[in-house]
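> Residue numbers (our numbering), protein chains in the order written: chain D, 76 to 491; chain V, 8 to 129. Structure below; questions to follow.
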C-alpha cells in the first residue's frame, strides 16, 4: 500500500497527479473463503479490517451487491456521539468514539473527523430532567457530557433561535464536545484500502442470492457471481438483514423503514456544531462542503424502496425553520431515503445465531453510523472466536426472549 | 408518498393514515406450557419481507377504521385492501429478480426494479 503523507502529495503534485493508483483490487470471487461478510458498507468493511488485522483472518471476502458505501453508509447524516443512557449502549458507542478518534492515523486515510460538539436540546421541564439525568449517567460511564443552560446553548450555537416566544422554546441542552461529524465515503474507502492491503477480497456488484446450510451449519453462499464455499457468513446488511436472515430460515425482531434526509445548497460556514432536538424533531449540521445536512425520524411503515413520504420532510423543515429562522430561504438541493433496520428496543443485534457459522450484525435502526468502528471491532471478535465480545454480549438475539432488552427508545437522546 | 384506498372513504394520501403493523398476528391462547421463545415470537418477531406483505392501517384523519392492506414493500404498490377479520385475498405481484429487488449492478436504486415472475400468495 502506498502510504499517504504530505510528501506523497507534493511528489504527485509535481508530476501532475499521474501516479495515484486504485486503492483496492477489483477482486474476483474465489471458490472458498474462511469467512464471507455480506455488505460493503462501513460496518462490513470495518468488520473485515479488524478480522484481518486483529484476528489474522486474511482469507476472507466482503461481498457487496452495489458499490462500497452506497447503502446506508452513504445515506446517513454522519453524526458521531456516544451519549446513550444505558451502560450497554454507552459501552459500545463510546468504544466506537475512541476508535474514531484515532482512525485517520490508523488507516492512513483522512476520514475528516471533526469533533465539533453535539447539542441535544431540551424544550420542556420533563425533557430537562431527562437530559440532566442522562448527563449524569454518561459521566458515570466515562462519556463526556455537560449540561448547558439556554444562554450557554446560545453562546455555543449563536445561530439558534433562543427566543422565548417560539412554540417550543429552548430551555437548555446537553453537550458532548467529543461528538461531531465525519466523511462517510472516506471511512468506507479508508477501511476498504486497509483491509485490501491485509489481503481481504472486496467484491462489488456481487449479490448474495442464497446461503447454503447443511446439518445446521453454514457451508456456503450462492451469489450472482457464482458459488462460494465458506464455514462462516456474517450478515452486515442493514435494511436487508431480515432478507438475508430468511435465507437461513431465521426470523428476527427487525422491521425495515425508510429514513429520509436532505441537504441544502452549499453556503459559507455558519453552523458551528451539531444540533439535535427531540421535541421539535430535527437534527442539523453543516458539512465541510457547506451543505446543511438535515435529518429527522423514520417513515412509519415498512418499505424497501429507499424513498419516503413528503409529510416527513415537511415536518422536519418546519422544525428546522423554527429553530433556525435564518435558514428559511435556503433551497434544499437533494433528498433521499435509506432503509433502516429497526429493533423493538432501538438497540442493535450483534450476535451468533442458532445456525452455526451464521452471524448477524444489524438492527442498528436510525443510529448505526456513529458505531461503525466499534461495531466492526466487536463483531470481528465475535466471528473469529465464535464467542461474543464482552461489549457485544448484551446485544445477542436471545435478549428478546430473556427479557434483557436494552431499551433505548426515548433514552438514547434522540426520538425514534 | 403513496395513496391508500380506504375501503370506507376512498383514495386518500398515506399521511392521513396511521400504520398499525403486520396483519394476521394472533395473540396466542394462554398456556402454562408456553415458552419464552414462543412468547417472543408473538411479541417481537416479524416477517419484514421484501415483497408481498399484509399490514394494518387506520384512517386516523378520516373514518377512524382499521383495515388490512397487501402491499409490495419492494415497490410500495398496493395490491389489495380488505376488512379486518377476513382472510387475505390472493394477489399477483411483480417481484424483483434478485432478493434485494434491484436489477443486477444497479446499486441501490429501487426504481430499477425489474419484473421477473408472478407470485401468487395464498
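Every residue gets a Cβ at the ideal spot worked out from N, C-alpha and C, and that includes glycine. This one's a predicted model, so the numbers in the text were calculated from it and none came from an experiment.
(1) What are the boundary residues of the beta strand (DSSP E) that residue 195(D) is part of?
(2) In this structure, does DSSP put residue 4(V) in helix, strand or coil?
(3) Pairing CB atoms from the stretch 25-43 of chain V with CB atoms from the stretch 409-428 of chain D, are three or more of them under 8 Å?
(4) Tell me the rounded alpha-carbon separation between residue 457(D) and residue 375(D).
(5) Excluding the 5 residues flanking residue 95(V) on each side, which residues of the same chain have their C-beta closer than 8 Å to its C-beta?
(6) Assuming residue 307(D) and residue 432(D) are in contact, meaning their beta carbons sit under 8 Å apart, how far apart are those beta carbons, in whole angstroms?
(7) Terminal residues of the continuous beta strand (DSSP E) containing residue 410(D)?
(8) For a test of the three-state rule: what should DSSP assign to residue 399(D), helix, strand or coil?
(9) For residue 250(D), count neighbouring Cβ atoms within 10 angstroms of its own Cβ and tell me buried if that reaches 16, exposed if not.
(10) Any beta carbon of chain V sitting closer than 8 Å to that of residue 386(D)?
(11) Given that residue 425(D) touches chain V, what residues does it touch there, using C-beta distances under 8 Å?
(12) With DSSP collapsed to three states, give me the class of residue 431(D).
(13) I think residue 99(D) touches residue 277(D), with their Cβ atoms under 8 Å apart; what is that distance to the nearest whole Å?
(14) Applying a beta-carbon distance threshold of less than 9 Å, which residues of chain D neighbour residue 93(V)?
(15) Using CA atoms only, rank isn't needed, just tell me which of 102(D), 401(D), 340(D) and 324(D) is closest to residue 52(V).
(16) For the stretch 28-57 of chain V, list every residue whose C-beta sits within 9 Å of some C-beta in chain D, in sequence order.
(17) According to DSSP, is residue 571(D) helix, strand or coil?
(18) Could you check if residue 477(D) is buried or exposed, using at least 16 other CB atoms within 10 Å of its CB as the buried criterion?
(19) Could you tell me if residue 124(V) is buried or exposed, where buried requires 16 or more neighbouring beta carbons within 10 angstroms of its beta carbon?
(20) For a contact defined as C-beta to C-beta under 7 Å, what are the partners of residue 67(V) on chain D?
(21) Answer yes if the stretch 229-246 of chain D comes into contact with the stretch 261-272 of chain D, meaning at least three C-beta pairs across the two stretches below 8 Å, and no otherwise.
(22) Which runs of the alpha helix (DSSP H) fall wholly inside the stretch 217-248 of chain D and span at least 4 residues, in chain order?
(23) Per DSSP, which residues does residue 373(D) bridge with? Please list them.
(24) So what does DSSP say about residue 439(D), is it helix, strand or coil?
(25) When Cβ atoms are compared, which residues of the stretch 69-94 of chain V fall closer than 7 Å to chain D?
(26) Going by C-alpha to C-alpha distance, which of 49(V), 68(V) and 43(V) sits closest to residue 15(V)?
(27) Excluding the 5 residues preceding and the 5 following residue 295(D) in the sequence, name in chain order all residues of the same chain whose CB lies nearer than 7 Å to its CB.
(28) Short check: CB of residue 421(D) to CB of residue 390(D), under 8 Å?
(29) Hey, quick one: how far does the alpha helix (DSSP H) through residue 268(D) stretch, first residue to last?
(30) Should residue 92(D) go down as buried or exposed, given a rule of 16 or more other Cβ atoms within 10 Å for buried?
(31) Between which two residues does the alpha helix (DSSP H) harbouring residue 151(D) extend?
(32) To the nearest whole angstrom, what separates the beta carbons of residue 169(D) and residue 179(D), a pair I think is in contact under 8 Å?
(33) Assuming residue 440(D) and residue 418(D) form a contact by the criterion Cβ under 8 Å, report the distance between their Cβ atoms to the nearest whole angstrom.
(34) Any idea what DSSP makes of residue 89(V), helix, strand or coil?
Well, looking at it:
(1) Boundaries of the beta strand (DSSP E) harbouring residue 195(D): 193-197, taken from the DSSP string.
(2) In the structure as shown, chain V begins at 8 and stops at 129. Residue 4(V) is therefore absent and cannot be evaluated.
(3) No contact exists between the stretch 25-43 of chain V and the stretch 409-428 of chain D.
(4) Each residue's Cα considered, the two are about 32 Å apart.
(5) Around residue 95(V): 30, 31, 61, 75, 77, 87, 89 and 128.
(6) The pair is a contact, with the Cβ atoms about 5 Å apart (cut-off 8 Å).
(7) Secondary structure note for residue 410(D): its beta strand (DSSP E) is the uninterrupted segment 407-417.
(8) When secondary structure is reduced to three states using DSSP, residue 399(D) falls in the coil class, being assigned neither helix nor strand.
(9) With 16 or more other Cβ atoms within 10 Å, it is buried.
(10) By this cut-off, residue 386(D) is an interface position.
(11) Under the 8 Å cutoff, chain V gives no residues; its nearest Cβ is about 17 Å from residue 425(D).
(12) For residue 431(D), the secondary structure class from DSSP, reduced to helix, strand or coil, is strand.
(13) A Cβ-Cβ separation of about 5 Å places residue 99(D) in contact with residue 277(D) under the 8 Å criterion.
(14) Chain D residues near residue 93(V): none, gap ~21 Å exceeds 9 Å.
(15) Measuring from the Cα of residue 52(V), the nearest candidate turns out to be 324(D).
(16) Taking 9 Å as the Cβ-Cβ cut-off, the stretch 28-57 of chain V approaches chain D at 28, 29, 42, 43, 44, 45, 46, 47, 48, 50, 51, 52, 53, 54, 55, 56 and 57, given in chain order.
(17) Nothing in the structure corresponds to residue 571(D), since chain D is present only between 76 and 491.
(18) The residue is exposed, with fewer than 16 neighbouring Cβ atoms inside 10 Å.
(19) Any answer about residue 124(V) is weak, because its pLDDT of 38 lies below 50 and its placement is not dependable; what the coordinates show is given next. Flag for residue 124(V) reads exposed.
(20) Those within 7 Å of residue 67(V) in chain D number zero; the least Cβ separation is about 11 Å.
(21) Counting C-beta pairs closer than 8 Å gives fewer than three between the stretch 261-272 of chain D and the stretch 229-246 of chain D, which falls short of the contact rule.
(22) Counting only runs of 4 or more, we get 225-231.
(23) The partner list for residue 373(D) (beta bridge, DSSP) reads 334(D).
(24) Residue state, collapsed to three classes: strand.
(25) Those would be 80, 81, 82 and 83, in chain order.
(26) Selection 49(V), 68(V) and 43(V) evaluated against residue 15(V) yields 68(V) as nearest (Cα-Cα).
(27) Excluding sequence neighbours, residue 295(D) sits near 287, 302, 303, 304 and 305.
(28) Going by beta carbons, residue 421(D) and residue 390(D) fall outside the 8 Å limit.
(29) For residue 268(D), the enclosing alpha helix (DSSP H) begins and ends at 259-272.
(30) Looking at its Cβ environment, which holds fewer than 16 other Cβ atoms inside 10 Å, residue 92(D) is exposed.
(31) It is not in any alpha helix (DSSP H) - residue 151(D) carries neither H nor E in the DSSP assignment.
(32) Not quite, the Cβ-Cβ distance comes to about 19 Å (not below 8 Å), so this is no contact.
(33) That belief holds up - the Cβ atoms of residue 440(D) and residue 418(D) are roughly 6 Å apart, short of 8 Å.
(34) Residue state, collapsed to three classes: strand.
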